[in-house]
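Chemist:
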């Protein structure tokens, strides 16, 4: 659900993915999130910035859609956007009353009221997963989204409804074919190497939980390609301190260090002058 990360106040500047992540770090709620939430957000940003599909799922709890990663109900997650809350209500009612099916929601790019830089499509699919061999299959709602870019004549009308149809693979292929036809951005056919992507997301979540400075982490993710060049769909409110970090080259300078040059401890990240080795306390001054 797109609105859960917040909205951007100024459409004039399309920030880079590293800038967005440094901005996440300024949000105490996100900064203190448990590892599964951080991993999900790293994985989502990886997909959005590299224009890849990223699958997640909701489950049913107390007759409502529930996010098992964030451990909260989906309703109320749209930050006060009445249209998006209406979409969640439609989605929930459809999921609860159908045994199978495919749903599609299109959220057009912003117009000042909804300041998003890209159009976004989300595909939903009712599915079943086996939690325990002794228990019946659990009904879940799979979802995956992708950024694209086109021009809609009536964007506000489009975003107010979920379009649903019977479940079949041909329908999904037709949706992707349509996206490729109308989008000015590349459209992926799949999720890429999802196992590798998830492992890297967990790796970066671990680094972040170990208090690695976010500007170092953002630089490493950028240089290794984990973060692509496409803007992340819904960045947090912009802060001037991000431009200050960019202007001082803290994001764009750094050296990849495999091991500490004093004690040999494994570092394996891009570091900048002032980095302190967690093993021996050596302060990096420009050479590994």
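Numbering (my numbering), first residue to last: 259 to 546.
Here a beta-carbon is modelled for each residue, glycine too, at the ideal position from N, C-alpha and C.
As the structure is a prediction and not an experimental result, all values here were calculated from the model.
What does the Cβ neighbour count give for residue 325, buried or exposed, with the cut at 16 atoms within 10 Å?
Modeler: Here residue 325 refers to the residue found at position 67 when the chain shown is read from its first residue. Buried is the call here.
Chemist: Over the uninterrupted alpha helix (DSSP H) stretch that includes residue 305, give me the two end residues.
Modeler: Numbered from 1 along the chain shown, position 47 holds the residue referred to as residue 305. Element bounds for residue 305: 293 to 307.
Chemist: Return helix, strand or coil for residue 395, following the three-state DSSP convention.
Modeler: Within the chain shown, the letter at position 137 stands for residue 395. Correct three-state label for residue 395: coil.
Chemist: Let me confirm a value: residue 281 is counted as buried when at least 16 other C-beta atoms fall within 10 Å, else exposed. Which label applies?
Modeler: Walking along the chain shown from the start, residue 281 turns up at place 23. Buried, because 16 or more other Cβ atoms sit within 10 Å of the Cβ of residue 281.
Chemist: Starting from the C-beta of residue 520, find all residues in its chain whose C-beta is less than 6 Å away, skip the five residues before and the five after it, and write them out in chain order.
Modeler: Sequence index remark: in the chain shown, residue 520 carries index 262 (1-based). Counting only Cβ-Cβ distances below 6 Å, and skipping sequence neighbours, we find 538, 540.
Chemist: Using only CA atoms, which one of 377, 401, 368 lies nearest to residue 384?
Modeler: In the chain shown, counting from the first residue as 1, residue 384 sits at position 126. Measuring from the Cα of residue 384, the nearest candidate turns out to be 401.
Chemist: Quick check: what's the CA-CA separation for residue 441 versus residue 485?
Modeler: The residue labelled residue 441 in the question sits at position 183 within the chain shown. The residue labelled residue 485 in the question sits at position 227 within the chain shown. Cα-Cα distance, rounded: 21 Å.
Chemist: With a 10 Å radius around its C-beta and 16 neighbouring C-beta atoms as the bar for buried, classify residue 291 as buried or exposed.
Modeler: Counting from one through the chain shown, the residue named residue 291 turns up at place 33. When all chains shown are included, residue 291 counts as buried.
Chemist: Can you tell me whether residue 367 is buried or exposed? The criterion is at least 16 other CB atoms within 10 Å of its CB, across all chains shown.
Modeler: Taking the chain shown and counting its residues from 1, the one referred to as residue 367 is at position 109. Under this definition residue 367 is a buried residue.
Chemist: Taking the alpha-carbon positions, what's the residue 351 to residue 322 distance?
Modeler: Residue 351 sits at position 93 when you count from the first residue of the chain shown. Residue 322 sits at position 64 when you count from the first residue of the chain shown. Between residue 351 and residue 322, the C-alpha separation is close to 9 Å.
Chemist: Spell out the partners DSSP gives residue 402 in its beta bridges.
Modeler: Residue mapping note: residue 402 aligns to position 144 of the chain shown, counting from 1. For residue 402, which the question treats as bridged, DSSP gives the partners 313, 381.
Chemist: Here's the rule I'm using: 16 or more other beta-carbon atoms within 10 Å means buried, otherwise exposed. How should residue 386 be labelled?
Modeler: In the chain shown, residue 386 corresponds to position 128, counting from 1. When all chains shown are included, residue 386 counts as exposed.
Chemist: Are the beta-carbon atoms of residue 362 and residue 346 separated by less than 8 Å?
Modeler: Taking the chain shown and counting its residues from 1, one reaches residue 362 at position 104. Taking the chain shown and counting its residues from 1, one reaches residue 346 at position 88. No, they are not a contact pair.
Chemist: Report the partner residues of residue 534 according to the DSSP bridge assignment.
Modeler: The sequence position of residue 534 within the chain shown is 276, counting from 1. Paired residue(s): 541.
Chemist: If we ignore side chains and look at the alpha-carbon of each, how far apart do residue 375 and residue 395 end up?
Modeler: Sequence index remark: in the chain shown, residue 375 carries index 117 (1-based). Sequence index remark: in the chain shown, residue 395 carries index 137 (1-based). Rounded to whole angstroms, residue 375 to residue 395 spans 39 Å at the Cα level.
Chemist: May I ask you to report which of helix, strand or coil DSSP gives residue 446?
Modeler: For this step, residue 446 is matched to residue 188 along the chain shown. Residue state, collapsed to three classes: coil.
Chemist: Given a cut-off of 8 Å on the beta-carbon distance, is the pair residue 334 and residue 422 in contact?
Modeler: Against the chain shown, residue 334 aligns to sequence position 76. Against the chain shown, residue 422 aligns to sequence position 164. The answer is no: Cβ separation not under 8 Å.
Chemist: Name the DSSP beta bridge partners of residue 524, please?
Modeler: Along the chain shown, read from residue 1 onward, the residue named residue 524 stands at position 266. In DSSP, residue 524 forms a bridge with 517.
Chemist: What is the DSSP secondary structure of residue 362, reduced to helix, strand or coil?
Modeler: Position 104 of the chain shown, counted from the start, is the residue given in the question as residue 362. In the structure shown, residue 362 sits in a strand (DSSP, three-state: E or B).
Chemist: Kindly indicate which three-state DSSP category residue 423 falls into: helix, strand or coil?
Modeler: Here residue 423 corresponds to residue number 165 of the chain shown, with the count starting at 1. Residue 423 falls in the strand class under three-state DSSP.
Chemist: Under three-state DSSP, which class holds residue 318?
Modeler: Counted from its first residue, the chain shown places residue 318 at position 60. Of the three classes helix, strand and coil, the one that applies to residue 318 here is strand, per DSSP.
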